[in-house]
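Q: I have a structure I would like to understand better, so I am pasting it below and will then ask my questions one at a time.
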Amino acid sequence: MRCVITGAGGLLGSALLNVMARRGMGYTALRKSDLDVTDVFATESRFKVEEPDVVFHCAAFTDVDRAESERKESFAVNAGGAGKVAEACRKVGARMVFFSTDYVFGGAKRTPYSPNDEPDPLSAYGKSKLGGEKAVT
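So our numbering is basically just the index in the sequence shown, starting at one, shifted up by 231.
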């Protein structure tokens with residue numbers, strides 16, 4: 232199976248590639264300098280070259296506090312980038328694994344959230360990640 236990891240230089244992406252490497256799984260690790268996920272043409276072109284079966288989309292704007300002052304950038308990466316990666320995956324026939332966050336919920340619930348709970352993001356970061364969820368479905 233051919234795997235691509237976007238955001239391979241980040242916390243989640245680097246952890247995933249370490250697990251895959253320990254298990255002897257093949258992958259292509261794409262860091263921010265390798266792929267701008269906000270550029271649909273670059274993303275599609277790279278995926279056509281890599282021919283992935285599955286893309287683990289770990290690339291994200293993850294600075295929760297900075298997302299408040301840099302909303303445009305956080306939405307471009309977390310919502311727009313996720314949508315562009317999903318579109319590129321569809322075009323090359325790859326499955327996409329998308330990672331979200333508990334920040335899409337309001338935080339008032341006293342028990343663990345489930346996928347069926349209604350989102351209610353309070354922060355720009357949470358709203359941008361919810362935008363990503365909507366863009367990939």
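Just so you know, even glycine gets a beta-carbon here, dropped at the ideal spot from N, CA and C.
So His288 and Phe329 are in contact, right, with Cβ under 8 Å, and what is the actual spacing, rounded?
A: Locating residue 288 in the sequence shown gives position 57, counting from the first residue. Locating residue 329 in the sequence shown gives position 98, counting from the first residue. Yes, His288 and Phe329 are in contact; Cβ-Cβ is about 5 Å, under 8 Å.
Q: How close, in whole Å, do the beta carbons of Val367 and Gly314 come, if the pair is a contact with beta carbons under 8 Å?
A: In the sequence shown, residue 367 corresponds to position 136, counting from 1. In the sequence shown, residue 314 corresponds to position 83, counting from 1. Sure, about 7 Å apart at Cβ, within 8 Å.
Q: List the endpoints of the continuous beta strand (DSSP E) containing Met327.
A: Along the sequence shown, one-based indexing puts residue 327 at 96. 326-329 is the extent of the beta strand (DSSP E) around Met327.
Q: Quickly, what does DSSP pair Val286 with across the bridge? List them, please.
A: As a working note, residue 286 is residue 55 in the sequence shown. Val286 pairs with Val235, Met327.
Q: Would you mind stating whether Pro283 and Arg321 have Cβ atoms separated by less than 8 Å?
A: As a position in the sequence shown, residue 283 is number 52, starting the count at 1. As a position in the sequence shown, residue 321 is number 90, starting the count at 1. Result no, Cβ atoms of Pro283 and Arg321 do not sit closer than 8 Å.
Q: Here's the rule: buried if 16 or more other CB atoms are within 10 angstroms of the residue's CB, otherwise exposed. What is Ser359?
A: Translated into the one-based positions of the sequence shown, residue 359 becomes position 128. By the 10 Å Cβ count, Ser359 comes out buried.
Q: Within the segment 243-321, note down every full alpha helix (DSSP H) run reaching 4 residues or more, in order along the chain.
A: Correct list: 271-281, 295-300, 302-306.
Q: For Leu353, does the three-state DSSP call read helix, strand or coil?
A: By one-based count along the sequence shown, residue 353 stands at place 122. Three-state result, Leu353: coil.
Q: Helix, strand or coil for Asp348 per DSSP?
A: Here residue 348 corresponds to residue number 117 of the sequence shown, with the count starting at 1. Three-state result, Asp348: coil.
Q: Suppose you measure from the CA of Ala319 to the CA of Arg254; what does that come to, to the nearest Å?
A: Here residue 319 refers to the residue found at position 88 of the sequence shown. Here residue 254 refers to the residue found at position 23 of the sequence shown. Those two C-alpha atoms are separated by around 27 Å.
Q: Use the C-beta contact count for Ser264: other C-beta atoms within 10 angstroms, 16 or more gives buried, fewer gives exposed.
A: As a working mapping, residue 264 is identified with position 33 in the sequence shown. Burial call: exposed.
Q: For Gly241, which three-state DSSP category applies?
A: Numbered from 1 along the sequence shown, position 10 holds the residue referred to as residue 241. Coil, per DSSP.
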